[in-house]
Amino acid sequence: MQSQSLKEKIHPPFHHAYIIEGSSDRFDEVVAFLNECGIETKSNPDFFATKFKERFGINDARYIKSLHTLKPTQGEMRFFVLEILSITVEAQNALLKVLEEPSGGSLFFIVTPSKEVFLPTILSRAEIIKSPWQDSTSTEEAQIFLSSKVSDRLKIAEKIAKSKDVSKAVSIVTGLEQILADKMNENPDNISLIEAMREVLKMERFVRSRSPSLKMILEHLALSVPVGKL
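Numbering that gives the first Met the number 0 applies: residue 0 is where the sequence shown begins, and numbers increase by one.
Right, here's the structure in full:
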């Protein structure tokens, strides 16, 4: 069902770049989708796929740019499937040059938790694909965090900070945003929901910043978001 959803959104003639919102599962869906399209994704020098678990920096952008300039060796196209959780402004400016003047033989699929990771200049040069279903992984992790007592939330924050798991932190923050947004649709005048959403959105900006303090961000949410299912 998931690959069918991608087929509805991605089909010839291809756009040169797609930004696909969702969890890491979306990365695997893109690879599966390309396989279904007849693209060899194993032992193919024209296929590059990687998940950037750390912040995508200027050196990463330069590496992608260098690969982008190479001509395809086995066909007419080179395929790039990238998972980017967060990205520096410098890296975006470098990547922008690739998207502004794309090689006719390159096709990019960028999976990210939220398009808000990117500058408007990047977004304007890609086709945005929002997930047609709720990101269950993010919302499950966020619901656990939301339902936990403060002391347990602080333990979760400490564990994520020690492992430097940016992906998990982003997943919790975006999941909280989704849960609160759904609740606010039902109760738009609920002051507790509005205040909680304000704190989550504030932390979302920080978690996507250049050098976020995961412990500080999650500890703030642990203390500022009411305990329970709201």
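Backbone N, C-alpha and C fix where the C-beta goes; we use that ideal spot for every residue, glycine too.
Check                                                                                                                                                                 : Outcome
Which partner residues does Ala48 have in the DSSP bridge list?                                                                                                       : Val80
Report the rounded CA-to-CA distance for Ser212 versus Val206, giving the unit in angstroms.                                                                          : 8 Å
Buried or exposed: which applies to Asp188, given that a residue is buried once 16 or more other Cβ atoms fall within 10 Å of its Cβ?                                 : exposed
Between the stretch 142-153 and the stretch 52-59, do at least 3 Cβ pairs fall closer than 8 Å?                                                                       : no
Looking at the structure shown, is Ser106 part of a helix, part of a strand, or coil, going by DSSP?                                                                  : It is Leu, not Ser, that sits at residue 106 in the sequence shown. In the structure shown, Leu106 sits in a strand (DSSP, three-state: E or B).
Looking at the C-beta of Phe51, does it have a partner C-beta in chain D at a distance below 9 Å?                                                                     : The structure shown has no chain D; it contains just one protein chain.
What are the complete alpha helix (DSSP H) segments, minimum 4 residues, inside the stretch 106-193?                                                                  : 119-122, 135-146, 149-162 and 165-185
Specify whether the stretch 35-49 and the stretch 70-85 touch according to this definition: at least 3 beta carbon pairs, one from each stretch, less than 8 Å apart. : yes
Measuring only the C-alpha atoms, how far is Met0 from Glu203?                                                                                                        : Note that Met0 scores 36 on pLDDT, short of 50, meaning its location in the model is unreliable; the coordinates nonetheless yield the value given after this. Spanning the two alpha carbons is a distance of roughly 30 Å.
Using C-beta distances below 6 Å, list every residue in its chain close to Phe13, excluding the 5 sequence neighbours before and after it, in chain order.            : Leu106
Less than 6 Å between C-beta atoms, sequence neighbours within five positions excluded: which residues of the same chain meet that for Arg25?                         : Ile19 and Val110
Could you tell me the alpha carbon to alpha carbon distance between His230 and Ser22, rounded to whole angstroms?                                                     : This structure does not reach residue 230, given that the chain is present from 0 up to 229, and the question cannot be answered.
How many Å lie between Leu118 and Leu153 at the Cα?                                                                                                                   : 32 Å
Pairs of beta-carbons, one from the stretch 76-83 and one from the stretch 46-55, closer than 8 Å: are there three or more?                                           : yes
Give the range of the beta strand (DSSP E) segment to which Ile18 is assigned.                                                                                        : Ala16 to Glu20
In the DSSP output, what is Ile86 paired with across the bridge?                                                                                                      : Phe55
Distance check for Tyr17 and Phe108, CA to CA, integer angstroms please.                                                                                              : 5 Å
Quick check: the Cα distance between Gln142 and Val29, rounded to an integer number of angstroms?                                                                     : 27 Å
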